[in-house]
Amino acid sequence: DSGVTQTPKHLITATGQRVTLRCSPRSGDLSVYWYQQSLDQGLQFLIQYYNGEERAKGNILERFSAQQFPDLHSELNLSSLELGDSALYFCASSPGHGTGVTGELFFGEGSRLTVL
Amino acid sequence: AQSVTQLGSHVSVSEGALVLLRCNYSSSVPPYLFWYVQYPNQGLQLLLKYTSAATLVKGINGFEAEFKKSETSFHLTKPSAHMSDAAEYFCAVYRGSARQLTFGSGTQLTVLP
Numbered sequence: 003d004s005g006v007t008q009t010p011k012h013l014i015t016a017t018g019q020r021v022t023l024r025c026s027p028r029s030g031d032l033s034v035y036w037y038q039q040s041l042d043q044g045l046q047f048l049i050q051y052y053n054g055e056e057r058a059k060g061n062i063l064e065r066f067s068a069q070q071f072p073d074l075h076s077e078l079n080l081s082s083l084e085l086g087d088s089a090l091y092f093c094a095s096s097p098g099h100g101t102g103v104t105g106e107l108f109f110g111e112g113s114r115l116t117v118l
Numbered sequence: 014a015q016s017v018t019q020l021g022s023h024v025s026v027s028e029g030a031l032v033l034l035r036c037n038y039s040s041s042v043p044p045y046l047f048w049y050v051q052y053p054n055q056g057l058q059l060l061l062k063y064t065s066a067a068t069l070v071k072g073i074n075g076f077e078a079e080f081k082k083s084e085t086s087f088h089l090t091k092p093s094a095h096m097s098d099a100a101e102y103f104c105a106v107y108r109g110s111a112r113q114l115t116f117g118s119g120t121q122l123t124v125l126p
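Protein chains in written order, with the working numbering: chain A, 3 to 118; chain B, 14 to 126.
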């Protein structure tokens, strides 16, 4: 158990809909990262928040947005969903803001999104 | 830009045989390199990391990796495979300029009885 909690574990929805994925980081971790894992794109970094502020941005679509709340949990909002958005979405956390210097990322078990 | 390339999307070994998973990096500066493992229906877990302290890095579950600058490689090895090692393995590099961990495409390891 990594200590990172993601909900829901599975989600099935239709094209054009909007969903929200939730992540609770490990106790004390200030950084939250979102990754998308799909068969064709592999593991893609979406976005990072550190103590409530956006820290780094990767290949995140404009239809997607995220935020980190004062209690440090984070939400990833996916809107106008398309078939290609079907993927496993991972949240990870770390104590600091620099993963390369401060160490590892701790991953949740992911939220599997299926868009029909 | 820093990136990693994993050679071989699928590797099969017999139980007790040597495990060798290949990773090459491209970087103009000494990189921070990582190996993560993903067991079925689970998130990723750190196996080991290289942060320039020592070229031979030992990780969990008997895995180790050697940083070879001359070959720009960071291959993952384990002397004797166990059935429980069956998983997907990801090499990753930290891109300081972009402040993000970039993963390779992954290698699925199958261990045959």
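Even glycine gets a Cβ: it sits at the ideal position worked out from N, Cα and C.
Bear in mind the structure is a predicted one, so any value in this text is a computation, not a measurement.
By the neighbour-count definition (other C-beta atoms within 10 Å, threshold 16), Pro27(A) is a buried residue. In the three-state reduction of the DSSP assignment, Gly44(A) falls in the strand class, which pools E and B. Under the three-state reduction of DSSP output, Ile62(A) falls in the coil class, being neither helix nor strand.
The beta carbon of Gln50(A) falls within 8 angstroms of a beta carbon belonging to chain B, placing the residue at that interface. CA-CA distance, Ala99(B) to Gly5(A), rounds to 23 angstroms.
A distance below 8 angstroms separates the beta carbons of Phe87(B) and Cys36(B). Here Tyr52(B) is exposed, its C-beta having fewer than 16 other C-beta atoms within 10 Å. For Gly75(B) and Arg65(A), the gap between their C-alpha atoms comes out near 43 angstroms. Per DSSP, reduced to three states, the secondary structure at Leu74(A) is coil, with no helix or strand assignment. Relative to Asp73(A), the option among Glu84(A), Leu90(A) and Glu55(A) whose CA is nearest is Glu55(A). The beta carbon of Phe109(A) sits closer than 8 angstroms to some beta carbon of chain B. The C-beta distance from Ala58(A) to Gln46(A) rounds to 13 angstroms, too long to meet the 8 angstroms contact threshold. The secondary-structure analysis by DSSP pairs Asn37(B) across a beta bridge with Thr18(B) and Ser86(B). In the three-state DSSP reduction, Ser97(B) falls in the helix class (H, G or I). DSSP, read as helix, strand or coil, puts Asn74(B) in helix. Each residue's CA atom was taken as its position, placing Phe108(A) and Ser83(B) some 31 angstroms apart.
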